Amino acid sequence: MVEQERRRTLPPYGQARWSDLATGESPGWDRRTVGTGKVTFRQAAELLAARDPVMARLVAGAPAPRIPLWKETNFESLVRGIVFQQLARPAAVAILGRLIDAAHGELTPDSVLPLSDAVLRKVGFSARKVISLRDLATKVRDGDIVLDNRRLGHLPDDEIIRRLSTVKGIGPWSSQLFIMFQLRRPDVWPVGDLGIRRGYGVAYGIPTPTERELEPLGEQFRPYRTTAAWYCWMAEAVIAGRTPTLPIGDDPILKAHGVA
1 MVEQERRRTL PPYGQARWSD LATGESPGWD RRTVGTGKVT FRQAAELLAA RDPVMARLVA
61 GAPAPRIPLW KETNFESLVR GIVFQQLARP AAVAILGRLI DAAHGELTPD SVLPLSDAVL
121 RKVGFSARKV ISLRDLATKV RDGDIVLDNR RLGHLPDDEI IRRLSTVKGI GPWSSQLFIM
181 FQLRRPDVWP VGDLGIRRGY GVAYGIPTPT ERELEPLGEQ FRPYRTTAAW YCWMAEAVIA
241 GRTPTLPIGD DPILKAHGVA
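Going by full-length UniProt numbering, the first residue of the sequence shown is number 1, and it counts up by one from there.
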């Protein structure tokens, strides 16, 4: 039987509290490093800045990672990840809003699966993304992919990535962003993200590294690689003296639900 996530009552977006607490630390997290096993992103930023002068410059020029306490369900988060793949944010937000309207205001496997391919294409989905959405919804509905937070909490990052990658169209990059921003785990290093690779190159004055090259470069940031990745996203703006744009801002699903 598929465990359903309980939808929370969402406050007006302007009243939402924000947290920089890394509440979902990965199994195997080195508790000796941080005592209790939990550290805020802000504290992680300070520790990284003390270690590395380049990171210190980024930390001084950009805000610490903050994640809204009121978030979409895990299913919605994965749907959002599918929608946003290879699209500019304005286009993705528009498509996501139309999808929610077509699903009668709530994204669940049961509300998505009855939608025809024609409806999904009209919403703005490519043929490939239609397949991805259906595969995700079917696997969650049938219990092949379990998104219950209590169960996910017992799984290491690699196992979550392996399971999510069985869904067509969801690979390591999408899975890692889900672990970073939805599960709020503190030590994720998504080398498949071009923004992180470019930001690292700009910050450290080297050509944009490949995925293979960036992987070992992240070792210096353990166990705070999520925080390091955040600052790499904003590095180009910081180095150029511009005000950074947060890689995650207003949650489009919350906005589509009128939480704005």
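All C-beta atoms, glycine included, are put in the ideal place defined by N, C-alpha and C.
These numbers come from a predicted model, not from an experiment.
{"Asked": "Given 8 Å, three or more beta-carbon pairs between the segment 125-134 and the segment 150-157", "Found": "no"}
{"Asked": "Sequence-distant residues of its chain with Cβ nearer than 6 Å to residue 270 (five each side left out)", "Found": "Residue 270 falls outside the range modelled here, since the chain spans only 1 to 260, and no answer is possible."}
{"Asked": "Alpha-carbon to alpha-carbon, Ala-44 and Ala-228", "Found": "9 Å"}
{"Asked": "Segment contact, 8 Å Cβ cut-off, at least three pairs: the segment 152-165 with the segment 173-186", "Found": "yes"}
{"Asked": "Pairwise C-alpha distance: Val-112 and Arg-80", "Found": "13 Å"}
{"Asked": "Reference Cys-232, options Val-54, Arg-42, Leu-47, closest by Cα", "Found": "Val-54"}
{"Asked": "Under 9 Å between C-beta atoms of Lys-122 and Ile-82", "Found": "no"}
{"Asked": "CA-to-CA distance, Gln-86 to Gly-61, given in whole angstroms", "Found": "28 Å"}
{"Asked": "Spatial distance of Thr-138 from Arg-57 (CA atoms)", "Found": "46 Å"}
{"Asked": "Residue nearest to Asp-110 in terms of C-alpha spacing, selected from Asp-142, Glu-215, Phe-125", "Found": "Asp-142"}
{"Asked": "8 Å contact criterion, which residue 263 and Pro-65 should meet: CB distance rounded", "Found": "What the structure shows of the chain is the stretch from 1 to 260, and residue 263 is not part of that stretch, so it cannot be assessed."}
{"Asked": "CB-CB length for Gly-199 against Pro-207, believed under 8 Å", "Found": "Incorrect: roughly 13 Å between the Cβ atoms, too far for contact."}
{"Asked": "Ala-88 burial status per 10 Å Cβ neighbour count (16 or more: buried)", "Found": "exposed"}
{"Asked": "Ala-56, DSSP secondary structure in three states", "Found": "helix"}
{"Asked": "Distance between beta carbons of Val-191 and Leu-155, contact taken as under 8 Å", "Found": "Not confirmed; about 21 Å, so no contact."}
{"Asked": "Uninterrupted alpha helix (DSSP H) stretches inside the segment 201-234 (no shorter than 4 residues)", "Found": "211-217, 225-233"}
{"Asked": "With 16 other Cβ atoms within 10 Å as the buried cut-off, status of Ala-203", "Found": "buried"}
{"Asked": "Start and end residues, alpha helix (DSSP H) containing Phe-125", "Found": "Neither: Phe-125 is in no alpha helix (DSSP H) and is coded neither H nor E."}
{"Asked": "Cα-Cα separation between Pro-186 and Ile-170, rounded to whole angstroms", "Found": "21 Å"}
{"Asked": "Test item: CB-CB of Ile-179 and Asp-157 under 9 Å", "Found": "yes"}
{"Asked": "Alpha-carbon spacing of His-104 relative to Ala-50, whole angstroms", "Found": "50 Å"}
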